[in-house]
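Q: Going by UniProt numbering, 350 is the number at position 350 of the sequence shown; the sequence numbering is gapless. Take this structure, written in structure tokens, and hold onto it; I'll ask about it next.
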Amino acid sequence: MAAVVVFNVWTTYKGALDTANLITDRTLLASARVIAERVRKSDGLVEAPIPPSALEMFASSDQDLVLYRVATSDGLLLAGYPDIVAPPQLPVGLEPLYFDTLFRGTPVRAVVLSRPIIDTGNQQTAIIAVGETLKNRNRLVTDLWLKALRDQVLLVAAAGMLAVFGLRRGIAPLMRLRDEVVSRDPAELQPFDAGAVQTEVRPLVEALNEAFDRVQRLIATQRRFVANAAHQLRTPLALLKTQIVVGRREQGTEAKEEALAAIDRSVDRMARLSNQLLSLARAEQGVSSLRKEAVDMEMAARNALDTLALAAVDRDIDLGFDPVGGPFLVWGHSNLLRELVFNLADNALRYTPRGGAVTVRLEHQAGEVVLLVEDNGPGIPATERENVFERFYRRLDTGGEGTGLGLAIVKEIAASHEATIELKDRAQGPGLVVEVRLAAHEEGAAEG
Ligand SMILES: Nc1ncnc2c1ncn2[C@@H]1O[C@H](COP(=O)(O)OP(=O)(O)OP(=O)(O)O)[C@@H](O)[C@H]1O
Ligand SMILES: [Mg+2]
1 MAAVVVFNVW TTYKGALDTA NLITDRTLLA SARVIAERVR KSDGLVEAPI
51 PPSALEMFAS SDQDLVLYRV ATSDGLLLAG YPDIVAPPQL PVGLEPLYFD
101 TLFRGTPVRA VVLSRPIIDT GNQQTAIIAV GETLKNRNRL VTDLWLKALR
151 DQVLLVAAAG MLAVFGLRRG IAPLMRLRDE VVSRDPAELQ PFDAGAVQTE
201 VRPLVEALNE AFDRVQRLIA TQRRFVANAA HQLRTPLALL KTQIVVGRRE
251 QGTEAKEEAL AAIDRSVDRM ARLSNQLLSL ARAEQGVSSL RKEAVDMEMA
301 ARNALDTLAL AAVDRDIDLG FDPVGGPFLV WGHSNLLREL VFNLADNALR
351 YTPRGGAVTV RLEHQAGEVV LLVEDNGPGI PATERENVFE RFYRRLDTGG
401 EGTGLGLAIV KEIAASHEAT IELKDRAQGP GLVVEVRLAA HEEGAAEG
């Protein structure tokens, strides 16, 4: 607005000056014409009487000097003084010529006219010049300018007031929203009313509500998890307690041995549960807390399979490892990736009947490292392929011992590595293929 005002002050001044000049010029011309009409030849003499009306038309000439000069074209001065209002050049034809000059140091606006003298048979012309000092004109400029300026200032003031008023009104709903956010209880995550703010801010409030919704769901998941974990720990502890009570009551050494063996198994189960819970917690923080590095998937897989070799022998399962090509570099956390392979291979070994076969493959496919864990066990029906990734979910007809956390851990690790997991049928015969796709890490690529 300040820029506009400055520009306007300048243009209104120009406008006022133009108008005042126009008025001055018209008056000068009218006066010059009245004088020109009276120039005539009588008794062989050219004379130029100056009629009073020619000078009276200058409005308040008490302030300004009106100067005139009449001469013939051959330089004979008829009226006025030689040194006043001398035009810079002679006018051409009947057109008036306006010019600015000085009279004894004072600026003067003047006009010069050329007219044929009556009664000389158009032989002679008279040159009439009329000038006026500029006090009057300057006052007129100031008057015009001030009037225009006053209107502008009023307009700017009105616009400014409206702007302040409008902004206040516009921001009011936002301030209310702010107060609501600030005064809210931290546990309260209900959505805000998007209708209470103006349309422009609505997407922001909606995005906020969406974020709250996600947080709320996360909190709910976490609560459920804690409740589940507590429950899962309580059951084996109760069992353990019973086993101990029973074992104490037994008299024979053999019976006591048996009770101790049962207790041993329970403790193993609980150890596995706490390990899985810890793994899950680690996998969850995976992205945020650990530094990623280039990991060779072949190494990670070999590590995981080494730990499972004994279990495979125990269950009489042919455990194969088949990396095709290589190296299989990915960007991630080596421990988590090892755990991922471990959990998948562990499942395959657990749920495949004795004498079965489990094969872990590594392949390169279009910039991706593909891990395939294949078994010829019972497989998982398509309808349950989503559920098995849930925490503590175990299929009903699943035998053996387990906590139902293995695939949840795998999912968490995959998510923190931006990898995809898919459960598929085997090409021939029953069984399950778990396919994990990770982006291949280019050797020498910038660390990020
Ligand atoms: N290779 C597989 N073949 C058949 N069923 C499987 C296979 N892998 C997983 N499942 C089914 O999916 C369920 C969930 O597996 P998940 O690894 O999450 O838990 P779990 O093996 O029961 O327990 P743990 O936490 O000890 O691994 C299993 O209980 C089982 O029913
Ligand atoms: Mg498992």
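Heads up, the beta-carbon is just placed ideally off N, CA and C, and yes, glycines get one too.
Work out the CA separation of residue 174 and residue 350 for me, nearest whole Å.
A: Residue 350 and residue 174: Cα-Cα distance of roughly 58 Å.
Q: Shorter than 7 Å, the distance from the beta carbon of residue 375 to the closest heavy atom of ligand 2, or not?
A: It does not: the Cβ of residue 375 is nowhere closer than 7 Å to a heavy atom of ligand 2.
Q: Is there at least one non-hydrogen atom of ligand 2 closer than 7 Å to the beta-carbon of residue 346?
A: Because some heavy atom of ligand 2 lies under 7 Å away, the Cβ of residue 346 counts as near it: yes.
Q: Should residue 378 be counted as a contact of ligand 1 given a C-beta to heavy atom distance under 7 Å?
A: It does: the Cβ of residue 378 is within 7 Å (strictly closer) of some heavy atom of ligand 1.
Q: What's the gap between the Cα of residue 255 and the Cα of residue 240?
A: If I take the Cα positions, the gap works out to 16 Å.
Q: Is it true that the CB of residue 117 sits closer than 8 Å to the CB of residue 46?
A: Taking 8 Å as the Cβ cut-off, residue 46 and residue 117 qualify as a contacting pair.
Q: So, using beta-carbon positions, are residue 361 and residue 372 closer together than 8 Å?
A: In contact: residue 361 and residue 372 (Cβ atoms closer than 8 Å).
Q: Need the endpoints of the alpha helix (DSSP H) that residue 41 sits in, please.
A: Unbroken run through residue 41 is the beta strand (DSSP E), 40-42; no alpha helix (DSSP H).
Q: Using a Cβ-Cβ cutoff of less than 7 Å, which residues in the same chain neighbour residue 408 once the five nearest sequence positions on both sides are dropped?
A: Cβ neighbours of residue 408 beyond the five flanking positions: 280, 389, 390, 391.
Q: Taking the beta strand (DSSP E) that residue 375 belongs to, which residues open and close that run?
A: Run containing residue 375: 368-375, per the beta strand (DSSP E) assignment.
Q: In the stretch 193-267, which residue ranges form an unbroken alpha helix (DSSP H) of at least 4 residues, counting only runs that do not cross its ends?
A: Qualifying alpha helix (DSSP H) stretches, in chain order: 202-249.
Q: Kindly indicate which residue of 259, 370, 379 has the alpha-carbon position closest to the one of residue 326.
A: Residue 370 is the option with its Cα nearest to residue 326.
Q: Identify whether residue 165 lies in helix, strand or coil by the three-state DSSP scheme.
A: Residue 165: helix per DSSP, three-state reduction.
Q: Across which residues does DSSP place residue 365 in a beta bridge pair?
A: Note: residue 365 sits in a beta bridge opposite 368.
Q: Just to confirm, is the Cβ distance from residue 222 to residue 189 under 8 Å?
A: Cβ distance not < 8 Å, so residue 222 and residue 189 don't count as in contact.
Q: Tell me which same chain residues have a C-beta within less than 8 Å of the C-beta of residue 11, skipping the five on either side of it?
A: None.
Q: Do residue 350 and ligand 1 come close, with the Cβ less than 7 Å from some heavy atom?
A: Yes, ligand 1 has a heavy atom inside 7 Å of this Cβ.
Q: Check whether the Cβ of residue 228 sits closer than 7 Å to any heavy atom of ligand 2, and report yes or no.
A: Not so, every heavy atom of ligand 2 lies at least 7 Å from the Cβ.
Q: Using a Cβ-Cβ cutoff of less than 6 Å, which residues in the same chain neighbour residue 24 once the five nearest sequence positions on both sides are dropped?
A: If we look at residue 24 and ignore the five residues flanking it on each side, its Cβ neighbours are 109, 137.
Q: On the criterion of 16 or more Cβ atoms from any shown chain inside 10 Å, does residue 128 qualify as buried, or is it exposed?
A: Classification of residue 128: buried, given that the 10 Å Cβ count is 16 or more.
Q: Kindly indicate the opening and closing residues of the alpha helix (DSSP H) around residue 98.
A: Looking at the DSSP string, residue 98 is not in any alpha helix (DSSP H); the run it does join, the beta strand (DSSP E), is 97-103.
Q: For a test of your reading of the model: does the CB of residue 249 fall under 7 Å from any non-hydrogen atom of ligand 1? Yes or no.
A: Not so, every heavy atom of ligand 1 lies at least 7 Å from the Cβ.
Q: In angstroms, rounded to a whole number, what distance separates the CA positions of residue 260 and residue 244?
A: Cα to Cα, the separation comes out at about 8 Å.
Q: For residue 354, which residues in the same chain have their Cβ closer than 8 Å to its Cβ, ignoring the five residues on either side in sequence?
A: So the qualifying residues of the chain are 315, 316, 317.
Q: Which same chain residues end up closer than 7 Å to residue 345 when comparing Cβ atoms and leaving out the 5 residues on each side of it in sequence?
A: Within the same chain, residue 345 has close Cβ partners 304, 305, 308, 358, 360, 373.
Q: Distance check for residue 213 and residue 313, CA to CA, integer angstroms please.
A: Using only the alpha carbons, I get a separation of about 49 Å.
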